[in-house]
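A.B. asks:
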Amino acid sequence: MATIAAAQPFAFEFDPAATALVVIDMQRDFLEPGGFGETLGNDVSLLAPTVPATARLLAAARAAGLMVVHTRESHRPDLSDCPPAKRQRGKCALRIGDAGPMGRILVRGEPGNDIVPALAPLAGEVVIDKPGKGAFYATDLMDRLTAAGITHLIFAGVTTEVCVQTTMREANDRGFDGLLVEECTGSYFPEFKQATLEMIRAQGAIVGWTAGLAAVVAALAGDDE
Ligand code: TIU
Numbered sequence: 043m044a045t046i047a048a049a050q051p052f053a054f055e056f057d058p059a060a061t062a063l064v065v066i067d068m069q070r071d072f073l074e075p076g077g078f079g080e081t082l083g084n085d086v087s088l089l090a091p092t093v094p095a096t097a098r099l100l101a102a103a104r105a106a107g108l109m110v111v112h113t114r115e116s117h118r119p120d121l122s123d124c125p126p127a128k129r130q131r132g133k134c135a136l137r138i139g140d141a142g143p144m145g146r147i148l149v150r151g152e153p154g155n156d157i158v159p160a161l162a163p164l165a166g167e168v169v170i171d172k173p174g175k176g177a178f179y180a181t182d183l184m185d186r187l188t189a190a191g192i193t194h195l196i197f198a199g200v201t202t203e204v205c206v207q208t209t210m211r212e213a214n215d216r217g218f219d220g221l222l223v224e225e226c227t228g229s230y231f232p233e234f235k236q237a238t239l240e241m242i243r244a245q246g247a248i249v250g251w252t253a254g255l256a257a258v259v260a261a262l263a264g265d266d267e
């Protein structure tokens with residue numbers, strides 16, 4: 043067993059063999075200009091610090107032998123999995139499926155839909171294409187985790203209060219213990235990130251745990267704090 047003693051609201055104990063790292067939507071569409079995040083009116087540079095932090099976490103998780111799962115928010119080219127309500131929402135210059143500088147916005151297989159190169163999945167890692175905000179909705183993620191005997195999830199990704207929080211809540215309802223690594227998640231609204239971290243760990247870990255990157259990396263390396 044490994045322990046992150048500094049996790050909030052209390053120590054997070056996990057068996058690395060039964061724990062997966064889930065990296066949510068670290069895609070060019072959210073992190074680079076010209077993608078979905080920017081067309082929604084956001085300053086995507088706010089998310090930049092999450093990339094090197096998540097690279098460090100990924101390296102530590104891989105070294106510890108954790109199952110690694112990457113997700114991509116994406117739609118089929120015919121948009122049959124994109125409800126009109128999602129496509130029409132907001133006052134966007136470019137909507138989902140429209141042609142932008144990195145290809146069609148939020149469409150599977152387009153350059154903008156790729157995971158950023160610094161966090162590219164390795165062969166053998168699970169990549170989940172998800173049409174919704176939660177990674178369990180309309181995907182086989184639950185089956186993959188169950189088949190691998192996973193009980194605990196460590197989360198990174200963007201954005202904190204949208205796809206990360208939705209997925210953590212879905213995971214919580216499905217019986218997983220989940221921890222979000224603070225430096226490895228980001229929001230276009232820093233105050234929403236802070237509020238999300240607090241609401242996850244409030245009420246005795248009502249949704250899950252949070253912890254700083256150094257403490258998580260140390261625990262993955264076998265240095266319980
Ligand atoms: N807009 C926003 O903050 N997020 C999303 O649309 N998707 C994810 O969080 N991945």
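Per this note's numbering, the sequence shown starts with residue 43, numbered consecutively. Using N, Cα and C, we set each Cβ at its ideal position, and we do this for glycine too.
Which value, in whole angstroms, describes the spacing of the CA atoms of E240 and P153?
C.D. replies: 35 Å
A.B. asks: List the DSSP bridge partners of A141.
C.D. replies: Beta-bridge pairing links A141 to R146.
A.B. asks: What residues in its chain sit with their C-beta under 6 Å from that of C124, if we drop five residues either side in the sequence?
C.D. replies: H117 and I138
A.B. asks: Can you tell me whether L73 is buried or exposed, with buried defined as 16 or more other CB within 10 angstroms of its CB?
C.D. replies: buried
A.B. asks: Bridge partners of A62, per DSSP?
C.D. replies: M109 and L195
A.B. asks: Using CA atoms only, rank isn't needed, just tell me which of P75, M43 and L63 is closest to G145.
C.D. replies: P75
A.B. asks: When you compare only the Cα positions, how much space is there between Q245 and P51?
C.D. replies: 9 Å
A.B. asks: Taking the alpha-carbon positions, what's the A135 to A106 distance?
C.D. replies: When rounded, the separation of the alpha-carbon atoms in A135 and A106 is 43 Å.
A.B. asks: To the nearest angstrom, how far is the alpha carbon of L121 from that of I46?
C.D. replies: 42 Å
A.B. asks: When you compare the CB positions of A102 and V206, do they come within less than 8 Å of one another, or not?
C.D. replies: no
A.B. asks: To test your reading of the DSSP string, which unbroken beta strand (DSSP E) runs of 3 or more residues are found completely within the region 227-256?
C.D. replies: 251-253
A.B. asks: Spatial neighbours of A261 within its chain, please: CB distance less than 6 Å, with the 5 preceding and 5 following residues excluded, ordered by chain position.
C.D. replies: A44 and I46
A.B. asks: With respect to 7 Å, is the separation between the Cβ of C205 and the closest non-hydrogen atom of the ligand TIU below this value?
C.D. replies: yes
A.B. asks: Go ahead and label K235 buried or exposed: buried means 16 or more other beta carbons lie within 10 angstroms of its beta carbon, across all protein chains shown.
C.D. replies: By the neighbour-count criterion, in which a residue is buried when 16 or more other Cβ atoms sit within 10 angstroms of its Cβ, K235 is buried.
A.B. asks: Could you name the residues of the same chain whose beta carbon sits closer than 6 Å to that of A247, not counting the 5 residues immediately before and after it, in chain order?
C.D. replies: P51
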